[in-house]
Structure formats: structure tokens, C-alpha cells
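*Asks:* Sharing a structure below in C-alpha cells format, with a few things to ask.
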Amino acid sequence: MADRIVETKPEQIHTVMPEVPLVDVMGGALRREIRMHEHSLVALVDVMPRLIPEGQTADQAIVQAARVSYGAGTRRVNEDRGLIRYLLRHRHTTPFEMVEFKFHCAMPIFIARQWIRHRTANVNEYSARYSVLDREFYIPAPEQLAAQSAVNRQGRGAVLEGP
0 MADRIVETKP
10 EQIHTVMPEV
20 PLVDVMGGAL
30 RREIRMHEHS
40 LVALVDVMPR
50 LIPEGQTADQ
60 AIVQAARVSY
70 GAGTRRVNED
80 RGLIRYLLRH
90 RHTTPFEMVE
100 FKFHCAMPIF
110 IARQWIRHRT
120 ANVNEYSARY
130 SVLDREFYIP
140 APEQLAAQSA
150 VNRQGRGAVL
160 EGP
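Numbering-wise (numbering that gives the first Met the number 0), the sequence shown opens with residue 0 and increments by one.
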């Protein structure tokens, strides 16, 4: 049986307006950026939820997701805080997935590879296959160059000395 596309008529759409004014979590900013290094930055580009009821935080999305299974339940702020702590303590993490952050991150490739290896995120990278790369290079300062540790393969040994 083939799937059918059902058209929705405007009169079938029910719009619910908020009871209180909504505020932008990012204060109307397009992005919030922190420069980390000459070639590194972290910028907050977007958040979800972006609009929240005045006087509340994005935590409300977590609380709402947790309570959806049993109706309205408790509603006081201190009870919301307790619910969030309970969820964390018992590793019930699904409600936390209702809040998302979108970042623009720029970093040297050796950092990016480690970051991607230890991530919980969706990642898109600038493609050298389809684009011309800028001539940006990370060159560490001489005092940052060190030998590999003799006892810890992931550790750093003595600073290298040379001409």
C-alpha cells in the first residue's frame, strides 16, 4: 500500500499562544563568540529552546519532557530543580536531549581529531575536497614542544631543546 500525502487545511491548524511573554535565551544575539587562540574560537550559534517564558530558564524544556509521561505533576521551581537532580542522579538522560546547542568551532586539525574522537555531537567540517582552504597554520611556540613521556604514552615528557 502506497503512502498518501494528506493535505492540511488552515482551519485544521490550532495555534496556542503563550500565557506569558517569551524571551530570547541569547538576548537577540546572532552568536556569542570566544577567541581561544590565533586560529581557534568557540561560538554559540543557536540554542533550543530559543524562546522561553519570561522568568524561566531552558531547564523548563527538560522538566517538561520529563513530566510528559504523567501529566502536569508538580510545578514549583524548587520541585523542578529537584526533578532535574533526580534525573541526573539516576542517569535518566533522555529529557536532557530536549535542549540543544549549536556551536561554530575553529581549531587546529590535531585538536579537532581528538575532540571528534571524544565527542557526543553531530559534526560538519569544512571540506578541503570541495573548497579552497585558507593558508592558516598552527605553529607551536618552542617552549610548547616536548618529547613523549617514557611512562605515559598519552603524556608529555621533557621540553625539547635545540638550536
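Ideal Cβ positions, reconstructed from N, Cα and C, are used throughout, including at glycine.
Note that this is a predicted model, so its numbers are computed, not measured.
Measure from the alpha carbon of Arg31 to the alpha carbon of each residue in Cys104, Gly81, Ala127, then state which is nearest.
*Replies:* Along the sequence shown, one-based indexing puts residue 31 at 32. Selected option, being the one with the closest Cα: Cys104.
*Asks:* Using the three-state DSSP reduction, which class does Arg155 fall into: helix, strand or coil?
*Replies:* Taking the first residue of the sequence shown as 1, we reach residue 155 at position 156. Looking at Arg155 - three-state DSSP - the assignment turns out to be strand.
*Asks:* For Pro94, is the classification buried or exposed, using 16 other Cβ atoms within 10 angstroms of its Cβ as the cut-off for buried?
*Replies:* Taking the first residue of the sequence shown as 1, we reach residue 94 at position 95. Buried, by the Cβ-count rule.
*Asks:* Going by other Cβ atoms of all chains shown within 10 Å of its Cβ, with 16 needed for buried, is Ile115 buried or exposed?
*Replies:* By one-based count along the sequence shown, residue 115 stands at place 116. Classification for Ile115: exposed.
*Asks:* Let me check understanding here. Comparing Cα to Cα, which of Met16, Ala140, Gly26, His36 lies closest to Val44?
*Replies:* Counting from 1 along the sequence shown, the entry for residue 44 is found at position 45. Nearest option by C-alpha distance: Gly26.
*Asks:* Where do the N-terminal and C-terminal ends of the beta strand (DSSP E) with Arg31 fall, by residue?
*Replies:* Residue numbering aside, residue 31 sits at position 32 when the sequence shown is read from its first letter. Residues 31-36.
*Asks:* Does Asp79 pass the burial test, meaning 16 or more other C-beta atoms within 10 Å, or should it be called exposed?
*Replies:* Locating residue 79 in the sequence shown gives position 80, counting from the first residue. Burial call: buried.
*Asks:* Could you say if the segment 136-147 and the segment 43-58 meet the contact criterion of at least three C-beta pairs nearer than 8 Å?
*Replies:* In short, these stretches do not touch, since the Cβ pair count stays below three.
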